[in-house]
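Enquirer: Please see the structure below; I have some questions.
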Amino acid sequence: MRIVVCIKQVPDTAEVRINPETNTLVRDGVPSIINPYDLHAIEAALQIKEKLGDVTVTALTMGPPQAEDALREAISMGVDEALLLTDRAFAGSDTLATSYTLSRAIQKIGFDLVICGKQAIDGDTAQVGPEMAEFLNIPHIAYVKAIEEISTQGIRVQRLMEEGYDIVEAPLPVLLTVVREINEPRLPSLKGKMRAKKAEIKKLTHTDIDAEEDKLGLTGSPTAVKNIFAPEARKDRKMFSGSPAEQVAALVEELKNLKCL
Amino acid sequence: MDYFLTEEQQMIRDLARQIAEEKVVPVRAELDEKEEFPTEIMKVLAQSDMFGIFIPEEYGGLGMGAMELCLAVEELSRACLGVSTSYAANALGTYPLLLFGTEEQKKKYLPDIAAGNKFVAFALTEANAGSDAAGIQTTATKDGDYYILNGTKQWITNAGEADIYTVIAITDRSKGARGASAFVVEKGTPGFSFGKKEKKMGIRASVTRELIFEDCRIPKENLIGREGMGFIVAMRTLDQSRIGVGAQGVGVAQGAYEEAVKFARQRVQFGKPVISFQAVQHMLADMATEIEAARALVYSVARYIDSGAKDISKASAMAKVFATDVAMKVTTNAVQVMGGSGYMREYPVEKMMRDAKILQIYEGTNQIQRNVIGQAIIKEAAKMKA
Amino acid sequence: MRIKVDRDLCTGCEACVDSCPYDAIEIKDEKAFINEYCQLCRNCLSVCPEGAIKEVETEEDRTEGMDLSQFRGVWVMAEQRDGKVVDVSLELLGAGRRLADERGSELTAVLFGASEDEAAKLIHWGADRVLHAQSPVFDTFNDDPYVELLSRLITQYKPEIVLTGATAIGRSFFPRVAARLRTGLTADCTSLEIDKETGHLLQIRPAFGGNIMATILCPKHRPQMATVRPRVMKKGEYNESRKGEIIKLDVEGLSSRTKVLQSIKEESETKVNLQEADVIVAGGRGLGKAEGFKMLEELASLLDGAVGASRAAVDEGWISYSHQVGQTGKTVCPKIYIACGISGAVQHLVGMQSSDIIIAINKNPDAPIFNVANYGIVGDVYEVVPELIKKIKEVKGSCQ
Numbered sequence: 002m003r004i005v006v007c008i009k010q011v012p013d014t015a016e017v018r019i020n021p022e023t024n025t026l027v028r029d030g031v032p033s034i035i036n037p038y039d040l041h042a043i044e045a046a047l048q049i050k051e052k053l054g055d056v057t058v059t060a061l062t063m064g065p066p067q068a069e070d071a072l073r074e075a076i077s078m079g080v081d082e083a084l085l086l087t088d089r090a091f092a093g094s095d096t097l098a099t100s101y102t103l104s105r106a107i108q109k110i111g112f113d114l115v116i117c118g119k120q121a122i123d124g125d126t127a128q129v130g131p132e133m134a135e136f137l138n139i140p141h142i143a144y145v146k147a148i149e150e151i152s153t154q155g156i157r158v159q160r161l162m163e164e165g166y167d168i169v170e171a172p173l174p175v176l177l178t179v180v181r182e183i184n185e186p187r188l189p190s191l192k193g194k195m196r197a198k199k200a201e202i203k204k205l206t207h208t209d210i211d212a213e214e215d216k217l218g219l220t221g222s223p224t225a226v227k228n229i230f231a232p233e234a235r236k237d238r239k240m241f242s243g244s245p246a247e248q249v250a251a252l253v254e255e256l257k258n259l260k261c262l
Numbered sequence: 072m073d074y075f076l077t078e079e080q081q082m083i084r085d086l087a088r089q090i091a092e093e094k095v096v097p098v099r100a101e102l103d104e105k106e107e108f109p110t111e112i113m114k115v116l117a118q119s120d121m122f123g124i125f126i127p128e129e130y131g132g133l134g135m136g137a138m139e140l141c142l143a144v145e146e147l148s149r150a151c152l153g154v155s156t157s158y159a160a161n162a163l164g165t166y167p168l169l170l171f172g173t174e175e176q177k178k179k180y181l182p183d184i185a186a187g188n189k190f191v192a193f194a195l196t197e198a199n200a201g202s203d204a205a206g207i208q209t210t211a212t213k214d215g216d217y218y219i220l221n222g223t224k225q226w227i228t229n230a231g232e233a234d235i236y237t238v239i240a241i242t243d244r245s246k247g248a249r250g251a252s253a254f255v256v257e258k259g260t261p262g263f264s265f266g267k268k269e270k271k272m273g274i275r276a277s278v279t280r281e282l283i284f285e286d287c288r289i290p291k292e293n294l295i296g297r298e299g300m301g302f303i304v305a306m307r308t309l310d311q312s313r314i315g316v317g318a319q320g321v322g323v324a325q326g327a328y329e330e331a332v333k334f335a336r337q338r339v340q341f342g343k344p345v346i347s348f349q350a351v352q353h354m355l356a357d358m359a360t361e362i363e364a365a366r367a368l369v370y371s372v373a374r375y376i377d378s379g380a381k382d383i384s385k386a387s388a389m390a391k392v393f394a395t396d397v398a399m400k401v402t403t404n405a406v407q408v409m410g411g412s413g414y415m416r417e418y419p420v421e422k423m424m425r426d427a428k429i430l431q432i433y434e435g436t437n438q439i440q441r442n443v444i445g446q447a448i449i450k451e452a453a454k455m456k457a
Numbered sequence: 026m027r028i029k030v031d032r033d034l035c036t037g038c039e040a041c042v043d044s045c046p047y048d049a050i051e052i053k054d055e056k057a058f059i060n061e062y063c064q065l066c067r068n069c070l071s072v073c074p075e076g077a078i079k080e081v082e083t084e085e086d087r088t089e090g091m092d093l094s095q096f097r098g099v100w101v102m103a104e105q106r107d108g109k110v111v112d113v114s115l116e117l118l119g120a121g122r123r124l125a126d127e128r129g130s131e132l133t134a135v136l137f138g139a140s141e142d143e144a145a146k147l148i149h150w151g152a153d154r155v156l157h158a159q160s161p162v163f164d165t166f167n168d169d170p171y172v173e174l175l176s177r178l179i180t181q182y183k184p185e186i187v188l189t190g191a192t193a194i195g196r197s198f199f200p201r202v203a204a205r206l207r208t209g210l211t212a213d214c215t216s217l218e219i220d221k222e223t224g225h226l227l228q229i230r231p232a233f234g235g236n237i238m239a240t241i242l243c244p245k246h247r248p249q250m251a252t253v254r255p256r257v258m259k260k261g262e263y264n265e266s267r268k269g270e271i272i273k274l275d276v277e278g279l280s281s282r283t284k285v286l287q288s289i290k291e292e293s294e295t296k297v298n299l300q301e302a303d304v305i306v307a308g309g310r311g312l313g314k315a316e317g318f319k320m321l322e323e324l325a326s327l328l329d330g331a332v333g334a335s336r337a338a339v340d341e342g343w344i345s346y347s348h349q350v351g352q353t354g355k356t357v358c359p360k361i362y363i364a365c366g367i368s369g370a371v372q373h374l375v376g377m378q379s380s381d382i383i384i385a386i387n388k389n390p391d392a393p394i395f396n397v398a399n400y401g402i403v404g405d406v407y408e409v410v411p412e413l414i415k416k417i418k419e420v421k422g423s424c425q
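Laid out in structure tokens, this is it:
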């Protein structure tokens, strides 16, 4: 069985700050990490490998050359091989172009199962997984919180819903997007880290994946960013002053006036 | 400070730190409170190959040495000394096999130890044999292809949790210290049981129990080295592992110091953060300086050991004494800097202070270490005269 | 469009480099250079003190995409659970009504499953017509029939805008529809507006983990698709006398490769409480200890509210993850949100900033939580909260 895990290198958004003077993002010194949900995807793949035995786990990412670091981290956790899609032609991809590009690569690699994190923490769109499944013409199950059973033929999973969960089954090949409840991602091992240091990361460009150029990058992206701006601070804010008791009294007065109390 | 660590050493330090911060820090207070052995953390350490650092590659380890082990121990100690004690005691128990084991014994035990599948404990101390290792009462009597063990080992770290025990017992009482031998005993051997769990002041995430041998028969292949070498096995083992205790001292001191700095920046008194007061700054300055000195000494000695040096007793004793005395002082002062908060269990420094005390006591008290250093000085001086 | 640097004007001051969220500006030969990672966000344009960064038209801008004029009307894909239309769909009808009126077009609701009464309700909530499909395939949720039928309908009717709720269902099948139709989809919009000049849908959403807002366009493809999280838009007016048309849909040839064997309801209490509570009292690192939450519980129960927490407090182990509000926790929109000892990291703010009234209590007057707060109290939570509890008890006592 071949499992492809799609991962993304993202800035650790918890560390991103806004410069209040210029209203722009300060990304200086913000570390790049593997998208946290993707760690759960890697762990899910590794657990399937441990269970079924004859499984090859391939980590795939698309991004700038530095995204190689994310793939090396995946290797240090135990994935068998890693592929980096990197090409100027991919730059400016939105979710549609990204899904198309990744799906071309997955097609090329060959697969029985594709696993992704439910979303990336920088974009939070949760679109790339389902869109890839569409391009690959396979079913997908989103928000998987547990894999109940898996064989080379099919899979039965628990899909997280707002009011509980569904037990869903599907034949392979299938694409899953996973939520954090599914497992606890392992930390890398020292041997894995050493292997990762030496491992060769295969790089693919658009010609390697037989992609149609007009479906790539900016050209292949129907959406465009018009502008970005910092959320404004409230203008109607009221700061109280005085002792705690005085401030609380003033607040309670306000709330009474608003009929909130 | 830059200690010019190799890429592998940085890797070990970083991974150990990640494990410490993600897996140890969130549970350390609870482990301490409940006096609970950190089974889950040991699993993470196993899965991360941390148990294989100092074991040769041919036995499934990473083939590294004291320096690398010290880095891992230091980082774990920075988070929780109870956890790092459980981890380091595993190495302590493994050294007899590594240094004196037969090829068969190494093949049989080391791969499982390196993988973290089997956990190890070292058993020397008894009711009447602590600093005076020659007072051992436990006996091993040859009986055909077997030895029969009788006696009780006391205050054994990892007892009950470990699968493999390296035990020092007397095979020939008439020879005194030269009548001791080292054995490997597996958990589950008939006649081998454990006493009650000790209630300790600190390092409460580590488990300390008695080993009780009652006509415990073990095959003669379980003898480590030759009969009569037990005392040498024990001393060489302790020489090797002592530096790890020094690394524990550096780690716990570092952890306490960082907590103190963090607190001093946040805590406001007289309208200013307390770190802006010179009295506090001077305490922190001394703490930082002493930690760095201890670290420099521990790393130097670890590298000296890894260079293959023969006589490491004095150097490793110096590192242990200095770093663990620093640990006690720094953790105590961290509590002082944090005042009332430092004394409360809400903050981790009171635990660090309780934990640190053991470092001056176990694996040879700091008084014994000074004896070792003193003996070495006399020997060296005698040589110089001659 | 392309962003270009006028090398004659550029002084190499590097002001633009840090302004780029995509790391797309480098300094080469002491001049700024825009590399291939540029996303055309235009963030750098205003930053350049020399005005050296400019937008230029490219050949591609002049080439025509699909014929956009064929597409008309606003659609809301309504979602039903166990035969009941969910609230977010009604909220979207409110937003959709406004957009349709601005575009001078019709508002259509699409409903798969549920009864005709539910379909009629969509008209009462603002739709001009309802496309209604009834079939046992829609008794449980599987992506395939949803994707197949909605794609067919969009291809047939050519709406200009299609919206749905960013729920487990919407977020699962909607992207597939967008991929099948090769059009753009914008997730989790917090605001939807029509660009007066071009008539395009301006889709505003948080980007970079909610650190900054972005306006997204889908200029050359139709339909323009977007999802919106529950409790972000306001419902429109309910009017039972409103008339509209219900069109019964043909549901032939729908099948699914996935199969739902069982649906297990698992109402976690805190989840319900948090997302449906009118009042949330939340605690952060400033509480300093787990016991602080006992005090917040008291305040919350006085106000019939629920207790929330920042990631910092959850990471410290003071309270369970199910209470976490923020980007990696839950999005909440209560009437009153009381943030106690929460500094207001962006990751937290995105989960609660659409609350009606935000009250912040923090000892640091510069804490970012005060930027989103309507009311700010600077002080120690352990002094302020007990005082607040006391005062509220007084007020409540005098009412009875």
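In order, the protein sequence lines correspond to chains C, D and V.
Take any residue in the first sequence, note its place counting from 1, add 1, and you have its number in our numbering.
Take any residue in the second sequence, note its place counting from 1, add 71, and you have its number in our numbering.
Take any residue in the third sequence, note its place counting from 1, add 25, and you have its number in our numbering.
Glycine is no exception: its CB is placed at the ideal position from the N, C-alpha and C atoms.
1. With C:Asn228 as the anchor, note down where its alpha helix (DSSP H) starts and where it stops.
2. Counting contacts by CB-CB distance shorter than 9 Å, is V:Arg67 in contact with chain C?
3. Determine whether the Cβ of V:Val339 lies closer than 9 Å to any Cβ atom of chain C.
4. Quick one: what does DSSP say C:Pro172 is sitting in, helix, strand or coil?
5. Can the beta-carbon of V:Arg254 be found less than 9 Å from the beta-carbon of V:Val113?
6. Would you list, in chain order, the members of the region 114-143 of chain D that have their beta-carbon closer than 8 Å to a beta-carbon of chain C?
7. Compile a chain-ordered list of the residues in the region 398-426 of chain D whose CB is closer than 8 Å to at least one CB of chain V.
8. Are the CB atoms of D:Ser252 and D:Glu298 nearer to each other than 9 Å?
9. For V:Ile271, write down the residues that DSSP places opposite it in a beta bridge.
10. Between C:Phe112 and chain V, is any beta-carbon pair separated by less than 9 Å?
11. Identify the continuous alpha helix (DSSP H) that holds V:Asp168 and give its terminal residues.
12. For the beta strand (DSSP E) containing V:Ala331, name the first residue and the last one.
13. Taking D:Pro97 as the query, report the chain V residues whose CB atoms sit under 9 Å from its CB, ordered along the chain.
14. For C:Phe136, which residues in the same chain have their Cβ closer than 7 Å to its Cβ, ignoring the five residues on either side in sequence?
15. Within 10 angstroms of the Cβ of V:Gln430, are there 16 or more other Cβ atoms? Answer buried if so, exposed if not.
16. For V:Pro161, which option in V:Arg123, V:Glu419, V:Ala364 and V:Lys284 has the closest C-alpha, if you only look at C-alpha atoms?
17. Distance check for D:Ile207 and D:Val256, CA to CA, integer angstroms please.
18. Taking 9 Å as the cut-off, decide whether the C-beta atoms of C:Ser33 and C:Val11 are in contact.
19. Around the Cβ of V:Tyr263, are there at least 16 other Cβ atoms within 10 angstroms (buried) or fewer (exposed)?
20. What does DSSP give as the partner residue(s) for V:Trp100 in the beta ladder?
21. Measuring only between beta-carbons, confirm whether D:Ile90 sits less than 9 Å from chain C.
22. Should D:Gln438 go down as buried or exposed, given a rule of 16 or more other Cβ atoms within 10 Å for buried?
23. If we ignore side chains and look at the alpha-carbon of each, how far apart do V:Val397 and V:Val187 end up?
24. Report buried or exposed for C:Leu53, applying the criterion of at least 16 other Cβ atoms within 10 angstroms of its Cβ.
25. Please identify the residue among V:Arg267, V:Pro231 and V:Ile50 whose C-alpha is closest to the C-alpha of V:Met377.
26. Under DSSP, the beta strand (DSSP E) around V:Gln228 begins and ends at which residues?
27. When the Cβ atoms of the region 221-228 of chain D are set against those of the region 301-311 of chain D, are three or more pairs found closer than 8 Å?
28. With a threshold of 9 Å between beta carbons, is C:Ser244 in contact with chain D?
29. Just reading off the beta strand (DSSP E) that V:Tyr400 is part of, what are its end residues?
30. Alpha carbon to alpha carbon, how far is V:Leu299 from D:Leu195? Give it in angstroms, no decimals.
31. To the nearest angstrom, how far is the alpha carbon of C:Leu61 from that of C:Ile8?
32. Mind checking C:Thr220: buried by the 16 CB within 10 Å criterion, or exposed?
33. Go to C:Leu84, then tell me how far its beta strand (DSSP E) extends in each direction, as first and last residue.
Expert: Straight from the coordinates:
1. Taken as a continuous stretch (DSSP letters only), C:Asn228 belongs to no alpha helix (DSSP H), being part of the beta strand (DSSP E) at Ala225 to Phe230.
2. yes
3. No, because no Cβ of chain C sits closer than 9 Å to the Cβ of V:Val339.
4. Three-state result, C:Pro172: strand.
5. yes
6. Val115, Gln118, Ser119, Asp120, Met121, Gly123, Ile124 and Leu133
7. Glu417
8. yes
9. V:Val155
10. no
11. Here the alpha helix (DSSP H) through V:Asp168 covers Asp168 to Tyr182.
12. Ala331 to Ala334
13. Asp340, Glu341 and Gly342
14. Ser100, Tyr101 and Ser104
15. For residue 430 of chain V there is no data in the structure shown, the boundaries of chain V being 26 and 425.
16. V:Lys284
17. 17 Å
18. yes
19. exposed
20. V:Thr133 and V:Val187
21. yes
22. exposed
23. Computed Cα separation, rounded: 31 Å.
24. With fewer than 16 Cβ atoms within 10 Å of its Cβ, C:Leu53 is classed as exposed.
25. V:Pro231
26. Leu226 to Ala232
27. no
28. no
29. Tyr400 to Val403
30. 57 Å
31. 6 Å
32. exposed
33. Glu82 to Leu86
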